[in-house]
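One structure below.
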Amino acid sequence: MSTPSITSVQKEGKLYPPPKAFQKKAHIKSMAAYRKLYKRSYKNPASFWAKAAKELHWFKTWTKAMQWTAPNAKWFVGGKLNVSYNCLDRHLATWRRNKAAIVWEGEPGDQRTLTYQQLYNEVVRFACVLKSLGVKTGDRVAIYLPMIPEAAVAMLACARIGAPHSVVFGGFSAQALKDRILDAGATCVITADGGFRRGQIVPLKVNVDDAVKDTPGVKHVLVVRRTGRDVSMKAGRDVWLHERLAELSAQGRFSCRAEDVDSEQPLCILYTSGTTGKPKGIFHSTGGYLTHAAITTKWIFDLKDEDTFWCTADVGWVTGHTYVVYGPLAIGATTFMYEGAPNHPGPDRFWDIIERHRVNVFYTAPTAIRAFVKWGDEHPKKHDLSSLRLLGTVGEPINPEAWLWYHRVIGGARCPIVDTWWQTETGGILISPLPGATPTKPGSGTLPFPGIVPEVVRKDGTPCDANEGGYLVLKKPWPGMLRGIWGDPDRFKKQYFGDFPGIYFTGDGARRDPDGYFWIMGRVDDVINVAGHRLGTAEIESALVLHESVAESAVVGRPDDLKGSAIVAFVTLKGGRSPGADLKEQLRSHVGREIGSIAKPDEIRFTDALPKTRSGKIMRRLLRELATQGDVKGDTTTLEDFSVLEKLRAEEE
Ligand code: WT7
2 MSTPSITSVQ
12 KEGKLYPPPK
22 AFQKKAHIKS
32 MAAYRKLYKR
42 SYKNPASFWA
52 KAAKELHWFK
62 TWTKAMQWTA
72 PNAKWFVGGK
82 LNVSYNCLDR
92 HLATWRRNKA
102 AIVWEGEPGD
112 QRTLTYQQLY
122 NEVVRFACVL
132 KSLGVKTGDR
142 VAIYLPMIPE
152 AAVAMLACAR
162 IGAPHSVVFG
172 GFSAQALKDR
182 ILDAGATCVI
192 TADGGFRRGQ
202 IVPLKVNVDD
212 AVKDTPGVKH
222 VLVVRRTGRD
232 VSMKAGRDVW
242 LHERLAELSA
252 QGRFSCRAED
262 VDSEQPLCIL
272 YTSGTTGKPK
282 GIFHSTGGYL
292 THAAITTKWI
302 FDLKDEDTFW
312 CTADVGWVTG
322 HTYVVYGPLA
332 IGATTFMYEG
342 APNHPGPDRF
352 WDIIERHRVN
362 VFYTAPTAIR
372 AFVKWGDEHP
382 KKHDLSSLRL
392 LGTVGEPINP
402 EAWLWYHRVI
412 GGARCPIVDT
422 WWQTETGGIL
432 ISPLPGATPT
442 KPGSGTLPFP
452 GIVPEVVRKD
462 GTPCDANEGG
472 YLVLKKPWPG
482 MLRGIWGDPD
492 RFKKQYFGDF
502 PGIYFTGDGA
512 RRDPDGYFWI
522 MGRVDDVINV
532 AGHRLGTAEI
542 ESALVLHESV
552 AESAVVGRPD
562 DLKGSAIVAF
572 VTLKGGRSPG
582 ADLKEQLRSH
592 VGREIGSIAK
602 PDEIRFTDAL
612 PKTRSGKIMR
622 RLLRELATQG
632 DVKGDTTTLE
642 DFSVLEKLRA
652 EEE
């Protein structure tokens, strides 16, 4: 764990007060109201969250709002509910029955809208298909789909029967998919014949075929027809969704009641990178997670019934779970989904979508914003973006230049920006402005959501002074927090509660300014944020050393204008192998196959040896300096062999 240091002091410019219109209509209408509520929630978080939980429909109410013995939290103990019931059934009894739940656009331009009634029908039918394939409460289901409505339908269908889902991002390779299927012990995989991305077809079914060769636990692969492309279907194992639906429909009416699910039962598993070579299966609960998702969607995105909300994340990431599917549907909002790339067929695709669908609230990542800046103002300027009233960002610190561009060019200087800090592990947003209350500062996530107690501390756990960089911790449990790492309770405890006993450590460095605003300074562990996606350096290293030519490797992040971090791999080769451009390309594709394209190193440097400590630990800090600044100025006293550094420097020149 490296010590957070303020390298480029984020400048504090002008304050952006919430626009008047928001102060009138938002849930929290002033800073005074926020402070009052925060203070109350600080004293008794459980009572704040219990009030939020009452907005959901419970089949059976809980006996205890919260139970906490670090590291294990339980929320709404003894309560029973169903996520799919909360997102669908309960809206059917209201005027929202015929309101659009999902508005979708495919990359080729095809469109679909599903009202709450229609989405309910689809989910019930899908749940019946799952049951016909033998999926039961508690079974794990892997979902490997493009961004099509069926992705949300599949998730809700799993939730309906109480089968935890593990959605795997469609950009992951067959190998990565296989690892996740095995770790979760999934018995069923849901995929499609492909998906559209940049005009090409992503061969999802081909990857699944490859992955399930070595996953004996998988009994069925359910295939959605999306592209119409021919795929191979293995008799007895593979089932077309449309064919099974037709068979079931011939047998009679579809019906599937929403199971009574225990508040603490896992809803989903999401794999994310950590500091070891093996991704962690973060799992979330049912009652606490949905409570957190619903209230943050409502308050932070200020969603009104007439709004169309577009969160651009893929459902393969936690952002897609919480703010494309569960949060918006739980509160009866209209959520927009888009299948493809932001620059297909042209760099204005997003702005074109916003204009045609009159999107009101737009939530995306800084890496995307930086790409838009690069592509040029003329693309958004061609379109009428006047429907927008609120903007959001997530995934990494946003540089003030990008923030100001977003504010001016996309938001027409009228939309507040919510810079939302959270993690796969936190389930939902923890630090963010409330659009009717919080004056924003470009680059700061501002203040904690009510009921959340973050602090910046020193290595010894004592609180930092104002503007002193330190470690970001969360001092009290919250309902959306992860309940564990699938199958590995020891790693869970060590990873999150090991550095500051009994207190959740985020892995982020941060500072608090004199107004109490949080400024996130990035990861302090061996995790890098590449284009808004989290990757463990160890994971890329393990992939590299699997290659027959590689002896050893060390991977570090280097700041990148577009992607936040670029991946630099230092590689030593086995005897007799010669470095060269060819091998670099081979290694890049090799990592692409092992993990996925997002993990391909941007730069590969061959070297004779890696700098190590006397105990044999690779000194990644020195490599990071070398990759970033071209030289090493930091402390090198623990280095075992100084000549290694000299050689690396020489190779640099
Ligand atoms: C890490 C979590 C939560 C969904 C997206 C990423 C960084 C996230 C912000 C923000 C500064 C941010 C942190 C965090 N991060 N949001 N608004 N400002 N940094 O989820 O892959 O679990 O990554 O992303 O470093 O720890 P994730």
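When we follow this note's numbering, the leftmost residue of the sequence shown carries the number 2, and every step to the right adds one.
C-beta: ideal position from N, C-alpha, C; glycine also.
At a cut-off of 7 Å, is residue i close to ligand 1 when judged by its beta-carbon and the heavy atoms of the ligand?
| i | result |
| --- | --- |
| residue 540 | no |
| residue 530 | yes |
| residue 439 | no |
| residue 398 | yes |
| residue 452 | no |
| residue 200 | no |
| residue 273 | yes |
| residue 589 | no |
| residue 315 | no |
| residue 422 | yes |
| residue 326 | no |
| residue 521 | yes |
| residue 319 | yes |
| residue 457 | no |
| residue 561 | no |
| residue 365 | no |
| residue 78 | no |
| residue 298 | no |
| residue 537 | no |
| residue 513 | no |
| residue 425 | yes |
| residue 527 | no |
Determine which residues share a DSSP beta bridge with residue i and list them.
| i | result |
| --- | --- |
| residue 464 | 458 |
| residue 113 | 105 |
| residue 604 | 569 |
| residue 225 | 193 |
| residue 74 | 69 |
| residue 553 | 573 |
| residue 273 | 281 |
| residue 447 | 519 |
| residue 344 | According to DSSP, which records beta bridges pairwise, residue 344 is partnered with nothing at all. |
| residue 635 | Answer by DSSP bridge pairing: none, since residue 635 is not bridged. |
| residue 558 | 568 |
| residue 100 | In the DSSP output, where bridge partners are listed per residue, residue 100 has none listed. |
Would you please state the rounded distance, in angstroms, between the beta carbons of residue i and residue j? I believe it to be under 8 Å.
| i | j | result |
| --- | --- | --- |
| residue 288 | residue 23 | Contact flag wrong, Cβ pair sits at about 30 Å. |
| residue 198 | residue 150 | That pair is no contact at about 17 Å. |
| residue 190 | residue 166 | About 11 Å; that fails the 8 Å criterion. |
| residue 464 | residue 455 | That belief does not hold up - the Cβ atoms of residue 464 and residue 455 are roughly 11 Å apart, past 8 Å. |
| residue 441 | residue 418 | 6 Å |
Ordered along the chain, which non-local residues of its own chain (more than five positions away) have a Cβ less than 7 Å from that of residue i?
| i | result |
| --- | --- |
| residue 317 | 168, 169, 170, 171 |
| residue 574 | 550, 551, 552, 580, 607 |
| residue 332 | 295, 298, 299, 304 |
| residue 133 | 245, 249 |
| residue 252 | none |
| residue 487 | 184, 185, 270, 282, 284 |
| residue 69 | 478 |
| residue 203 | 147, 171, 195, 196 |
| residue 124 | 85, 89, 154, 157, 158, 161 |
| residue 451 | 38, 39, 42, 49 |
| residue 62 | 80 |
| residue 179 | 212, 215, 216 |
| residue 410 | 378, 381 |
Short of 6 Å in beta carbon distance, which residues of its chain neighbour residue i, apart from the five on each side in sequence? Order them along the chain.
| i | result |
| --- | --- |
| residue 425 | 271, 273, 283, 319 |
| residue 129 | 249, 255, 257 |
| residue 628 | 557, 559, 569 |
| residue 370 | 403, 407 |
| residue 625 | 557 |
| residue 600 | 536, 541, 592 |
| residue 10 | Confidence is the limiting factor: at residue 10 the pLDDT is only 40, short of 50, which leaves the residue's position unreliable and the question unanswerable from this model. |
| residue 501 | 462, 474 |
Among the residues of its own chain, which have a CB less than 8 Å from the CB of residue i, if the five just before and after it don't count?
| i | result |
| --- | --- |
| residue 414 | 408 |
| residue 26 | 303, 305, 437 |
| residue 29 | 35, 38, 300, 435, 437, 438 |
| residue 205 | 145, 146, 147, 171, 192, 193, 194, 195, 196 |
Under 8 Å between C-beta atoms, does residue i make it to chain B?
| i | result |
| --- | --- |
| residue 337 | Among the protein chains of the structure shown there is no chain B, as only one such chain exists. |
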